[in-house]
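Student:
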Amino acid sequence: GGRIIRVSGQNLDVVQEPKMRVILSPPKSLPPRRKRRQIFDLGGHSHGNQYESRCNVKSSTLITCPSPAVGLEARRAKVKVLFLMDSLYFDFTSVGIDGFNYEPNPKLYPLNRNNPTKPYHYKPGSIISVEVGVFSESESTN
């Protein structure tokens, strides 16, 4: 947890209590035969473990949310992310392209390898390669 997730939109400055909720569920052992509609109870009753973090309204178009810290069970769990905007909620899968995963002890590499203290200058039309390494359990205990 602790990575800053940026939520963009319009009229976000009217949201009084923005939150990011992560729900961990055991992975499915068999693929489902058909897709079922999922219903969430925002009163705190759901299957799996829930973790929340309070978000910060930065402007009418930006909210930042620190990703909630989760336990080791996130390693193999099915992760569902919800953005709570007062009485409304948005499932990350409905607004994001890819799913959301937690990686234990990620190692992030700078984009600007020539001078990591300076920002990376993007040239339109070029490719940005983002590298993330994951420590094994033996590396994280040393």
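Numbering of the sequence shown is given in our numbering, commencing with residue 14 and proceeding in unit increments. No residue lacks a Cβ here, since even glycine has one placed at the ideal position from N, Cα and C.
Only counting the same chain, and skipping five residues up and downstream in sequence, which positions put a Cβ closer than 6 Å to that of K93?
Tutor: Within the sequence shown, numbered from 1, the residue matching residue 93 stands at position 80. So the list reads I36, once near-sequence residues are dropped.
Student: Drop a sphere of 10 angstroms on the beta-carbon of H58, count the other beta-carbons inside from all chains shown, and report buried for 16 or more, exposed for fewer.
Tutor: Position 45 of the sequence shown holds residue 58. Its pLDDT being 35, under 50, H58 is placed unreliably by the model, and nothing is read from it.
Student: Under the rule that 16 or more other beta-carbon atoms within 10 Å means buried, what is L95, buried or exposed?
Tutor: Looking up residue 95 in the sequence shown gives position 82. So L95 ends up on the buried side.
Student: How should L97 be labelled, buried or exposed, when 16 other C-beta atoms within 10 angstroms of its C-beta is the threshold for buried?
Tutor: Translated into the one-based positions of the sequence shown, residue 97 becomes position 84. Counting Cβ neighbours within 10 Å, L97 comes out buried, since at least 16 surround it.
Student: According to DSSP, is R88 helix, strand or coil?
Tutor: Counted from its first residue, the sequence shown places residue 88 at position 75. Note: R88 maps to helix in three-state DSSP.
Student: Measuring straight from C-alpha to C-alpha, what distance separates Y89 and Q63?
Tutor: In the sequence shown, the residue the question calls residue 89 occupies position 76. In the sequence shown, the residue the question calls residue 63 occupies position 50. Tyr is not the amino acid found at residue 89; the sequence shown has Arg there. Their Cα atoms are separated by approximately 15 Å.
Student: Going by DSSP in three states, L121 sits in which element: helix, strand or coil?
Tutor: Working through the sequence shown from its first residue, we reach residue 121 at position 108. The answer is strand: DSSP assigns L121 an E or B state.
Student: Measure the alpha-carbon distance for P39 versus N128 and round it to whole angstroms.
Tutor: In the sequence shown, residue 39 corresponds to position 26, counting from 1. In the sequence shown, residue 128 corresponds to position 115, counting from 1. If you take the alpha carbons of P39 and N128, they lie about 42 Å apart.
Student: Rank A87, H134, V20, G138 by C-alpha distance to the C-alpha of D104 and give the top, closest one.
Tutor: Position 91 of the sequence shown holds residue 104. Comparing Cα-Cα distances from D104 to each of A87, H134, V20, G138, the minimum goes to V20.
Student: Return yes when the Cβ of E65 is within less than 8 Å of the Cβ of K91, no when it is not.
Tutor: The sequence position of residue 91 within the sequence shown is 78, counting from 1. The sequence position of residue 65 within the sequence shown is 52, counting from 1. No.
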